[in-house]
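The structure appears right after this line, and notes come after that.
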Amino acid sequence: MTREVHDLVIVGAGPAALTAAMYTACENIETILIEKGTVGGIMAGVSRIDNYPGFLHGVSGKFLAENFRSQAEKFGARIRVGEVQKIKKASNSIVITTDSETLEARAVLVATGSSYERLWIPGEEEFYGKGIHYSGVLDGTIYTNKRLAVVGGANSAVQEALFLTKFASHIDLVVRSCVKASGILQKELSEHVDSGRITLYEGWIPDKILSDNRQITSLIVHKTDSKEQKELLIDGVFIFAGILPNTKFLISSGIKLDTAGYIITNHNMMTNISGIFAGGDVRGGITRQITSATGEGASVASFIREYLGELRSGLV
58 MTREVHDLVI
68 VGAGPAALTA
78 AMYTACENIE
88 TILIEKGTVG
98 GIMAGVSRID
108 NYPGFLHGVS
118 GKFLAENFRS
128 QAEKFGARIR
138 VGEVQKIKKA
148 SNSIVITTDS
158 ETLEARAVLV
168 ATGSSYERLW
178 IPGEEEFYGK
188 GIHYSGVLDG
198 TIYTNKRLAV
208 VGGANSAVQE
218 ALFLTKFASH
228 IDLVVRSCVK
238 ASGILQKELS
248 EHVDSGRITL
258 YEGWIPDKIL
268 SDNRQITSLI
278 VHKTDSKEQK
288 ELLIDGVFIF
298 AGILPNTKFL
308 ISSGIKLDTA
318 GYIITNHNMM
328 TNISGIFAGG
338 DVRGGITRQI
348 TSATGEGASV
358 ASFIREYLGE
368 LRSGLV
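Numbering (the numbering used here) for the sequence shown: 58 to 373.
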């Protein structure tokens with residue numbers, strides 16, 4: 058039996074995907090999104106976002122995600138639950154295989170975003186978005202005059218620790234080995250350590266996060282070269298162990314990835330395979346913010362519209 062060929066299948070339902078879906082569905086392009094987890098992606102788990110335009114006093118990520126979804130569905134986009142396992146270019150379509158069905162489409166947008174590296178310690182999952190955070194820019198203002206722990210020693214961790222000094226009363230910077238940030242960042246870090254704003258724990262590893270069942274109270278760490286433990290009294294933990302693009306499912310697809318696993322595209326946001334596009338955090342070389350993801354979603358929607366028009370005209 059011949060399967061129906063849809064206009065567009067979007068893999069993912071984060072800010073880039075939902076914005077693209079809003080634009081394509083609005084232009085009567087049949088649009089299906091496939092999401093394996095939470096609609097809204099990482100954004101949906103952020104308790105308060107202070108740098109999204111139009112919200113003077115901040116906005117919850119859950120609120121934004123719900124409204125992004127409602128707006129896309131208002132114009133006719135459909136969201137299906139499923140995990141895409143394979144994408145393959147066929148002669149006249151693109152085949153998308155999920156854990157429960159197989160679809161065909163004239164165009165595909167991969168907008169699966171990225172995931173924060175976790176520490177996988179007790180308390181991390183329980184307090185995700187409620188004391189455990191992965192972005193100082195998004196969540197830092199919640200902790201004005203509070204004590205924080207920052208975990209990580211590369212550029213991103215040190216940058217975020219320095220940024221968080223604008224709000225927090227004190228920061229404990231926990232580094233598994235030694236600080237590996239750039240010289241400029243290390244110099245600035247030293248100034249904050251000397252002033253007492255930051256306490257540096259090099260050679261310490263987080264063990265578990267303690268709470269009073271309502272909020273985080275402390276972080277237990279141990280020294281790498283001994284069994285010595287410390288209890289750091291804090292109100293929140295910011296983890297910067299790295300960011301991973303969600304592209305593992307593309308390894309056998311033929312889509313080109315860079316050395317870090319991000320999707321490589323041309324200026325039209327198309328991958329090396331005709332009809333397959335990428336946008337948002339999963340694409341290499343962009344600023345990983347909600348505003349940039351929504352901008353990418355709007356841009357890639359226009360490129361997809363042009364591609365489908367050319368496809369119908371026999372130009373591609």
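Even glycine gets a Cβ: it sits at the ideal position worked out from N, Cα and C. As the structure is a computational prediction, the values presented were derived from the model and not from experiment.
* Taking contact to mean at least 3 C-beta pairs separated by less than 8 Å, is the stretch 321-336 in contact with the stretch 240-247? -> no
* To do: Leaving aside the five residues before and after Thr155 along the sequence, list all residues of the same chain whose C-beta is less than 7 Å from its C-beta, in chain order.
  => Within the sequence shown, numbered from 1, the residue matching residue 155 stands at position 98. Result list for Thr155: Ile91, Gly139, Glu140, Val141, Gln142, in chain order.
* **Residue burial classification, Arg340 (beta-carbon count within 10 angstroms, cutoff 16)** => Looking up residue 340 in the sequence shown gives position 283. Answer is buried; the Cβ neighbour count reaches 16.
* What three-state label does DSSP hand Val138 in the structure shown? -> Numbered from its first residue, the sequence shown carries residue 138 at position 81. Strand, per DSSP.
* From the DSSP output, in three-state form, read off His249 for me. => In the sequence shown, residue 249 corresponds to position 192, counting from 1. If DSSP states are grouped into helix, strand and coil, His249 belongs with the helices.
* Along the chain, where does the alpha helix (DSSP H) that runs through Tyr258 open and close? -> Walking along the sequence shown from the start, residue 258 turns up at place 201. Tyr258 -> not in any alpha helix (DSSP H); beta strand (DSSP E) instead, spanning 255-259.
* Asked: Does the Cβ-Cβ distance between Thr76 and Leu65 come in under 8 Å?
  -> Looking up residue 76 in the sequence shown gives position 19. Looking up residue 65 in the sequence shown gives position 8. Taking 8 Å as the Cβ cut-off, Thr76 and Leu65 do not qualify as a contacting pair.
* **Buried versus exposed, by CB contacts within 10 Å (16 or more), Pro263** => Numbered from 1 along the sequence shown, position 206 holds the residue referred to as residue 263. By the neighbour-count rule (16 or more Cβ atoms within 10 Å), Pro263 is buried.
* Asked: Going by the CB atoms, is the gap between Gly188 and Gln6 shorter than 8 Å?
  -> Look at the range of the chain in this structure, 58 to 373, and you will see that residue 6 is not part of it.
* Decide if the stretch 126-135 is in contact with the stretch 145-152; the criterion is three or more beta carbon pairs, one per stretch, under 8 Å apart. => no
* Asked: Could you give the residue range of the beta strand (DSSP E) that holds Leu276?
  -> Here the question's residue 276 lines up with position 219 in the sequence shown. That run of the beta strand (DSSP E) goes 273-280.
* Proximity to Val207 [Cα-Cα], best of Ser213, Thr198, Ala218 -> The residue given as residue 207 occupies position 150 in the sequence shown. When only C-alpha atoms are compared, the closest one is Ala218.
* Checking contacts by CB at 8 Å: is Ser331 closer than that to chain B? -> Looking for chain B here will not work: only one protein chain is present.
* **Opposing strand residues paired with Glu87 [DSSP bridges]** => Translated into the one-based positions of the sequence shown, residue 87 becomes position 30. Glu87 is not bridged to any residue.
* Beta-ladder partner(s) of Thr290, from DSSP -> Position 233 of the sequence shown, counting from 1, holds the residue named residue 290. The sequence shown places Leu at residue 290, rather than the Thr named in the question. According to DSSP, Leu290 bridges with Ser275.
* What runs of the beta strand (DSSP E), each 3 residues or longer, lie entirely inside the stretch 128-181? -> 135-138, 141-146, 151-155, 159-167, 171-173
* Asked: Leaving out the 5 sequence neighbours to the left and right, which residues in its chain are closer than 6 Å to Ser213 when beta-carbon positions are compared?
  -> The residue given as residue 213 occupies position 156 in the sequence shown. Hits under 6 Å: Phe297.
* Asked: Mind checking whether the beta-carbon of Ile255 lies closer than 7 Å to any heavy atom of the ligand FMN?
  -> No copy of the ligand FMN appears in this structure; indeed no ligand is present at all.
* Which stretch, first to last residue, makes up the alpha helix (DSSP H) that contains Asp229? -> Working through the sequence shown from its first residue, we reach residue 229 at position 172. That residue, Asp229, is in no alpha helix (DSSP H); its beta strand (DSSP E) goes 227-232.
* Would you tell me roughly how many angstroms separate the C-alpha atoms of Asp269 and Leu290, rounded to the nearest one? => Counting from one through the sequence shown, the residue named residue 269 turns up at place 212. Counting from one through the sequence shown, the residue named residue 290 turns up at place 233. The straight-line gap separating the alpha-carbon atoms of Asp269 and Leu290 is approximately 12 Å.
* Going by other Cβ atoms of all chains shown within 10 Å of its Cβ, with 16 needed for buried, is Gly197 buried or exposed? -> Locating residue 197 in the sequence shown gives position 140, counting from the first residue. Buried: at least 16 other Cβ atoms inside 10 Å.
* Asked: Under three-state DSSP, which class holds Met327?
  -> Position 270 of the sequence shown, counted from the start, is the residue given in the question as residue 327. Met327 falls in the strand class under three-state DSSP.
* When you compare only the Cα positions, how much space is there between Arg135 and Leu276? -> The sequence position of residue 135 within the sequence shown is 78, counting from 1. The sequence position of residue 276 within the sequence shown is 219, counting from 1. Whole-angstrom Cα-Cα distance: 42 Å.
* Which residues bound the beta strand (DSSP E) around Ala335? -> Residue 335 sits at position 278 when you count from the first residue of the sequence shown. Here the beta strand (DSSP E) through Ala335 covers 333-335.
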